[in-house]
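Okay, structure coming up:
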């Protein structure tokens with residue numbers, strides 16, 4: 091288990107950082123302290139740039155210098171914006187891997203990888219792997235907008251707060267399922283999300299969805315709302331398939347016990363119990379469909 095990332099951390103990144111410091115200090119006139127601040131690491135580490143550059147490297151100096159020039163340009167232009175700098179570094183690293191430029195370094199560190207060609211395969215860099223994740227995040231953001239535009243939705247937010255989650259097609263781990271970090275709550279009678287949706291943000295809903303997908307790959311969205319008799323009646327009027335559990339709480343196994351090979355409900359009603367708030371989980375094709383289902387419920391009650 092020796093992925094190229096290990097070589098990147100061991101040699102590529104230290105070299106790039108050192109060259110960037112050299113450019114910022116020797117060519118652009120910044121002090122070591124100013125350069126370190128822009129790069130977000132200590133002055134002591136930044137001051138070692140000459141020694142790091144002088145150390146032998148399998149990577150060509152011209153390649154390192156060109157990459158460092160590009161990153162230094164981004165740093166000065168974006169005033170050290172961490173997100174843009176990380177994007178620039180990862181873009182250069184990806185291109186270097188895809189072109190085979192990192193193979194020499196990787197093989198130098200691990201000689202038994204002489205015939206490795208993983209990074210050179212077009213299938214490894216399929217755009218769909220990235221674009222699918224972006225689509226999931228966009229779908230979640232759109233679902234939040236739908237719910238936020240419905241004033242009465244705040245009355246369906248449970249005491250334990252709510253969240254919306256959506257899985258990638260073929261999701262296998264919680265990091266293939268996105269949700270809103272910190273959940274969604276109500277502030278000043280308005281729906282509030284502390285941050286943008288992210289993958290791995292809700293282990294609980296992720297695990298329920300992953301169990302759902304084992305039986306029905308079409309249900310990739312889920313939302314949690316407050317239980318009431320009115321909502322339950324609306325669900326019946328919408329002719330949705332409903333399953334019930336008692337005191338499900340945070341017990342994923344108990345909540346997932348309703349999933350059968352020939353039956354996946356549209357709704358899981360956790361009737362609660364002592365110390366457990368009754369809530370409802372709505373399953374749908376995606377996050378937007380789940381939000382639209384909530385809208386349909388509110389139109390009935």
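Residue numbers (the working numbering): 91 to 391.
Glycine residues also receive a C-beta, built at the ideal position from the N, C-alpha and C atoms.
Predicted, not measured: the structure shown is a model, and the values here were computed from it.
| Asked | Found |
| --- | --- |
| In chain order, what are the residue ranges of uninterrupted beta strand (DSSP E) at least 3 long that sit wholly in the segment 261-288? | 267-269, 274-277, 280-283 |
| Count the other C-beta atoms from every protein chain shown that fall within 10 angstroms of the C-beta of residue 252, then say buried if there are 16 or more, exposed otherwise. | buried |
| Which term fits residue 212, buried or exposed, when burial requires 16 or more other beta carbons within 10 angstroms of its beta carbon? | exposed |
| Pick out whichever of 242, 381, 307, 192 has its Cα sitting closest to the Cα of residue 276. | 242 |
| Can you list, in chain order, the residues of its chain whose CB lies under 8 Å from that of residue 342, leaving out five sequence neighbours each side? | 294, 297, 298, 301 |
| Who are the near neighbours of residue 143 in its chain, counting only those whose CB is closer than 6 Å to its CB and skipping five residues on each side? | 108 |
| With the cut-off set at 8 Å, would you say residue 154 and residue 113 are in Cβ contact? | no |
| So, is residue 101 buried or exposed, given that buried needs 16 or more other C-beta atoms within 10 angstroms? | buried |
| In chain order, what residues of the same chain lie with their CB nearer than 8 Å to the CB of residue 344, ignoring the 5 residues before and after it? | 335, 337, 338 |
| Alpha carbons only, please: which of 195, 141, 166, 169 is nearest the one belonging to residue 150? | 195 |
| Which residues does DSSP list as the beta-bridge partners of residue 334? | 359 |
| With a Cβ-Cβ cutoff of 8 Å, do residue 270 and residue 254 count as a contact? | yes |
| Compare the Cα-Cα distances from residue 183 to each of 168, 206, 215, 203 and report the closest residue. | 215 |
| Just how far apart, CA to CA, sit residue 89 and residue 386? | The first residue shown for the chain is 91 and the last is 391, placing residue 89 beyond what the model contains. |
| Could you spell out where the alpha helix (DSSP H) holding residue 193 opens and where it closes? | 193-199 |
| Going residue by residue through the segment 140-174, where are the continuous beta strand (DSSP E) segments of at least 3 residues, counting only ones entirely within it? | none |
| With 16 other CB atoms within 10 Å as the buried threshold, where does residue 315 fall? | buried |
| At a cut of 8 Å, does the segment 254-269 reach the segment 302-321 through at least three beta carbon pairs? | yes |
| If you run the structure through DSSP and keep just helix, strand and coil, what is residue 240? | coil |
| Since residue 316 is in the beta strand (DSSP E), which residue starts that stretch and which ends it? | 311-316 |
| Please say whether residue 92 and residue 200 have beta carbons closer to each other than 8 Å? | yes |
| How would you write the range of the alpha helix (DSSP H) that residue 369 sits in, first residue to last? | No alpha helix (DSSP H) contains residue 369, which is instead part of the beta strand (DSSP E) from 369-374. |
| What first and last residue would you give for the beta strand (DSSP E) that runs through residue 257? | 254-257 |
| By Cβ distance, which residues of its chain are closer than 7 Å to residue 157, with the 5 residues on each side in sequence left out? | 106, 182 |
| Is DSSP giving residue 329 helix, strand or coil here? | coil |
| Residue 366 by DSSP, collapsed to three states: which one? | strand |
| Bridge partners of residue 112, per DSSP? | Answer is none; residue 112 lacks a bridge partner. |
| Count the other C-beta atoms from every protein chain shown that fall within 10 angstroms of the C-beta of residue 322, then say buried if there are 16 or more, exposed otherwise. | buried |
| How big is the Cα-Cα spacing for residue 119 and residue 173? | 24 Å |
| If you compare alpha carbons, which of 126, 372, 247, 292 is closest to residue 326? | 372 |
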